[in-house]
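Report on the structure given below.
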Amino acid sequence: MTELQKNLVYFSENRGFFYWELDFQRKKLRLKSLIHEDLRGRIICLQEEIPFGKGRLIAHLRLPYLAQKLVKIPTFKDSKLSSFIRQQLYYQSPKWMKIQEKYYQKGENLLTKKFEGPYIAPLGLNLLENFTDEMTITTFTQIDQNVKLYYENFLINFQRNSLEMLYPPRFYAIMGKQKKEK
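Here full-length UniProt numbering is used: position 62 in the sequence shown is 62, and no number is missing along the way.
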């Protein structure tokens with residue numbers, strides 16, 4: 001994801017992180033929503049295309065904010081994630097060296113960590129850096145809302161359940177409330 005795209009990201013409870021693209025060649029408006037990122041930096045998202053001239057533009061632009069059927073994305077397990085991390089540390093990638101330093105300070109090592117299940121998180125949340133009480137929050141130019149609660153609810157669900165599907169923030173908020181009531 002480019003810096004420009006990150007700066008154009010919006011947020012809604014029904015679609016999570018999203019942004020719009022205009023495709024003049026194909027004459028379509030494209031909504032990319034429920035944006036998540038794996039540890040390699042690959043983007044996983046839903047994509048909807050709306051042909052120019054179909055329906056009212058304002059109705060399409062409101063779509064991420066409207067009450068709607070629960071959207072979800074199936075996840076995948078990266079079987080070569082450990083090898084990827086080992087390679088990044090071998091070549092001393094600054095991003096991965098910084099994460100490894102945090103693990104060393106805790107008396108742990110990334111190379112001994114077992115990566116079972118998918119390591120996919122909402123945009124701006126690194127699952128390997130948020131293991132302490134201090135949560136690293138990425139700021140986005142277009143987002144005024146506090147996404148910390150979304151990140152917290154996602155992390156709770158990630159730690160308790162196998163991550164087979166990715167859901168919007170509304171789902172994780174409901175799951176968080178239900179677990180608190182029990």
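C-beta: ideal position from N, C-alpha, C; glycine also. Since the structure is predicted, the reported quantities are computational estimates derived from the model, not experimental observations.
Check the Cα spacing between residue 78 and each of 178, 97, 163: the tightest is with 163. Look at residue 137 here: in three-state DSSP terms it is coil, with no helix or strand label. Distance from the CA of residue 53 to the CA of residue 159, rounded to the nearest whole angstrom, comes to 45 Å. DSSP places residue 32 inside the beta strand (DSSP E), whose first and last residues are 28-38. Membership of residue 101 in the alpha helix (DSSP H) is indicated by the continuous run 94-105.
If the five residues before and after residue 60 are omitted, its C-beta is found closer than 6 Å to the C-beta atoms of 50, all from its own chain and listed in chain order. Annotation for residue 56: no residue places its beta carbon closer than 8 Å to its own, counting only its chain and skipping 5 residues before and after. Residue 119: not part of any alpha helix (DSSP H); DSSP gives it neither H nor E.
For residue 128, the secondary structure class from DSSP, reduced to helix, strand or coil, is coil. Residue 33 sits close to residue 46, with the two beta carbons spaced by under 9 Å. Of the candidates 129, 115, 92, 116, 129 places its Cα closest to the Cα of residue 105.
When DSSP reads this structure, residue 150 sits in no beta bridge, so it has no partner. With contacts defined by Cβ atoms closer than 9 Å, residue 30 and residue 71 do not form a contacting pair. If you check the CB distance, residue 82 and residue 111 come in under 9 Å.
In this chain, the beta strand (DSSP E) harbouring residue 19 covers 16-23. Under the three-state reduction of DSSP output, residue 58 falls in the helix class.
If you look at residue 66, you'll find it isn't in any alpha helix (DSSP H); DSSP assigns it neither H nor E.
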